[in-house]
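Structure representation (structure tokens):
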């Protein structure tokens with residue numbers, strides 16, 4: 002499984018690519034709510050997201066998974082994009 006974290010102005014999104022090439026997004030909003038989205042090949046956004054997973058210019062970072070609030074993500078502004086392999 003691959004993971005990409007994208008920091009935005011009022012949210013943080015974590016994208017997970019599974020073995021079936023399905024992308025799941027967990028979006029952490031500024032009011033500490035979360036929203037989940039699933040993208041498959043029929044979704045128009047899918048091609049843009051799958052290109053992120055094949056982008057070699059992203060910085061590689063080994064991280065541990067943990068549930069975080071939006072404020073915890075904002076404190077770690079060093080990494081705009083990161084991905085990891087499990």
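In this note's numbering, the protein residues as written are 2 to 87. C-beta: ideal position from N, C-alpha, C; glycine also. Given the structure is predicted, the values throughout are model-derived calculations rather than measurements.
So, at 8 Å on beta carbons, what are the nonlocal neighbours of residue 14 in its own chain, with the 5 sequence-adjacent residues on each side left out? 6, 7, 26, 27, 28, 29
For residue 21, count neighbouring C-beta atoms within 10 Å of its own C-beta (all shown protein chains included) and say buried if the count is 16 or more, exposed if not. exposed
Leaving out five residues before and five after residue 1 in sequence, what residues of the same chain have Cβ atoms less than 6 Å from its Cβ? This structure cannot settle anything about residue 1, because the visible part of the chain is limited to 2 through 87.
For residue 38, does the three-state DSSP call read helix, strand or coil? strand
Taking buried to mean at least 16 other C-beta atoms within 10 Å of its own C-beta, is residue 4 buried or exposed? buried
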